[in-house]
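Mapping to numbering that gives the first Met the number 0: the sequence shown position 187 is 186, numbers consecutive.
Just so it is clear, CB atoms sit at the ideal spot from N, CA and C, and this is done for glycine as well.
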Amino acid sequence: MLNDILTIKKLAQEEIEKAEGLKEIQELKVKYLGKKGILTVKLKSLASIPQEDRREFGRILNETKVHIEELARKHEEILKALELNRILQTQRIDVTVPGCYMPTGHLHPTTQVLDEIISIFSSLGFSVAEGPEIELDYYNFEALNMPKDHPARDMQDTFYITDDVVLRTHTSPVQVRVMEKNTPPLRVIAPGKVYRCDADVTHIPMFHQLEGFMVDRHITMSDLKGVLEVFIHSVFGPDTGLRFRPSFFPFTEPSAEIDISCVICKGSGCSVCKNTGWLEILGAGMINPRVFEMAGYNPDEYTGFAFGMGIERVAMLKYGIDDIRLFYENDKRFLEQF
Ligand code: FA5
Numbered sequence: 000m001l002n003d004i005l006t007i008k009k010l011a012q013e014e015i016e017k018a019e020g021l022k023e024i025q026e027l028k029v030k031y032l033g034k035k036g037i038l039t040v041k042l043k044s045l046a047s048i049p050q051e052d053r054r055e056f057g058r059i060l061n062e063t064k065v066h067i068e069e070l071a072r073k074h075e076e077i078l079k080a081l082e083l084n085r086i087l088q089t090q091r092i093d094v095t096v097p098g099c100y101m102p103t104g105h106l107h108p109t110t111q112v113l114d115e116i117i118s119i120f121s122s123l124g125f126s127v128a129e130g131p132e133i134e135l136d137y138y139n140f141e142a143l144n145m146p147k148d149h150p151a152r153d154m155q156d157t158f159y160i161t162d163d164v165v166l167r168t169h170t171s172p173v174q175v176r177v178m179e180k181n182t183p184p185l186r187v188i189a190p191g192k193v194y195r196c197d198a199d200v201t202h203i204p205m206f207h208q209l210e211g212f213m214v215d216r217h218i219t220m221s222d223l224k225g226v227l228e229v230f231i232h233s234v235f236g237p238d239t240g241l242r243f244r245p246s247f248f249p250f251t252e253p254s255a256e257i258d259i260s261c262v263i264c265k266g267s268g269c270s271v272c273k274n275t276g277w278l279e280i281l282g283a284g285m286i287n288p289r290v291f292e293m294a295g296y297n298p299d300e301y302t303g304f305a306f307g308m309g310i311e312r313v314a315m316l317k318y319g320i321d322d323i324r325l326f327y328e329n330d331k332r333f334l335e336q337f
């Protein structure tokens, strides 16, 4: 037995010292120390030798096992260090090679402006509502006081899907949808895509609007003015002038177009504002009692204001962009500027 153990020890020692790779060491560990390894089998065979020898041989076998384990570990470390050295020698990193430029994207300017506007109105306590882009004629027109064949519909060139279904031409239908499902007080904004059969330097077939409305008892035009003043001063700066010009929308009465003092010439007159000193920014007014009736509200009890703006138009004024089509041509030279 003793001879056997000494032979195994010698053999293991020789083989481990000769091993040239980590894989080889791993195989030798299995060969001698693994579950079915030579030393393990020897340890199991202790059961069959006489009681008086078992203790001594057990001790010798365990010492041999620890010795071989230690030997394998040390040789493994040497091999690992050699391998690392080899890698460092052969795979040098040239830190002078220029890095690869990874262009990073950012939000589209329309989205940036929309997010900014939403956060201004959120800070004033407005909540956000959404409505469908494929809309019933009823919500897009009829419930907003524009019956079928009414000439006011001509103000918005409409894509009809069927006689009763349209691509919404504005975000105002969300007013009616929200009012049908909720009771005042209401303070809501409704951003989203809208569609019109329009195309020139200031008009595109798909653009974004943001509707805002507030309904309660005793809401007046001065509430509208206060809210719009905060909004315009936040986007264009506190010195921006604001002007209400009488206008007409079938769903508000009275109605107004809101102008801001020209962001380029500050009101003194230039080509952007066509020498008027003013730029139109949005439409607004007091919600027409007919709209309240259609939504199921009592117009003698409630009043409210509403406004609607084109987001691309706000972005154009904010950044001095003179052609709205640039927004959707996907020219990176344009988009990268924001
Ligand atoms: C409306 O759409 C009304 N719903 C706004 C409103 C809401 C008034 C609530 C009163 C109360 P208007 O058709 O003027 O209004 O459109 C509003 C804004 O959308 C315009 O000022 C303009 O900035 C923008 N707009 C209109 N047509 C286009 C278009 N084809 N391309 C880009 N922007 C457009």
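Based on Cα-Cα distance, which residue from the options lies nearest to residue i?
i	options	result
V193	I218, S171, D93	S171
V214	D238, S233, I188, H232	I188
M0	R54, T168, L32	R54
L27	E68, D136, P298	E68
L38	N329, R85, E62, D222	E62
S260	L241, G307, C269	L241
I77	G57, A46, T161, A18	A18
H66	E132, I15, E51, N329	I15
F243	W277, S267, K35	W277
I323	Q88, P288, N287, F206	F206
E115	V234, T302, D238, H107	V234
L316	K265, E328, Y327, T302	K265
G303	V94, E75, I263, D222	D222
A11	K64, D321, Q50, L123	K64
D199	Y327, T95, I86, F212	Y327
T219	N287, G268, D136, I263	N287
Would you please state the rounded distance, in angstroms, between the beta carbons of residue i and residue j? I believe it to be under 8 Å.
i	j	result
F230	F120	7 Å
Q208	G309	6 Å
L60	K41	6 Å
E300	R186	Rounded, the Cβ-Cβ distance is 17 Å, inconsistent with contact.
P354	D197	No answer is possible for residue 354: it lies beyond the span of the chain, which begins at 0 and ends at 337.
L166	E132	6 Å
V127	V313	The pair is not a contact, with the Cβ atoms about 17 Å apart (cut-off 8 Å).
T168	E311	Wrong, their Cβ atoms sit about 15 Å apart, outside the cutoff.
Run through DSSP, which three-state label would residue i get?
i	result
K192	strand
V234	helix
M205	strand
R242	strand
M342	The structure shown does not extend to residue 342, since the chain is modelled only from 0 to 337, so the question has no answer here.
D163	coil
R91	coil
G36	coil
T251	strand
E19	coil
D258	strand
D199	strand
A305	strand
T271	According to the sequence displayed, residue 271 carries Val and not Thr. Coil at V271, not helix or strand.
E134	strand
G276	coil
E129	coil
Here's the rule I'm using: 16 or more other beta-carbon atoms within 10 Å means buried, otherwise exposed. How should residue i be labelled?
i	result
E342	Any property of residue 342 remains undetermined from this structure, which presents the chain solely from 0 to 337.
R91	exposed
K8	buried
A305	buried
C272	buried
Y138	buried
A46	exposed
Q155	buried
G307	buried
G211	buried
Are at least three pairs of beta-carbons, each pair with one atom in the stretch 167-187 and one in the stretch 293-303, less than 8 Å apart? yes
Is the stretch 321-333 touching the stretch 220-228 in the sense that three or more CB pairs, one from each, lie closer than 8 Å? no
May I ask you to verify whether the stretch 243-252 touches the stretch 136-144, counting CB pairs closer than 8 Å and requiring at least 3? yes
Is it a yes or a no for the stretch 253-262 touching the stretch 274-291, going by three-plus beta-carbon pairs under 8 Å? yes
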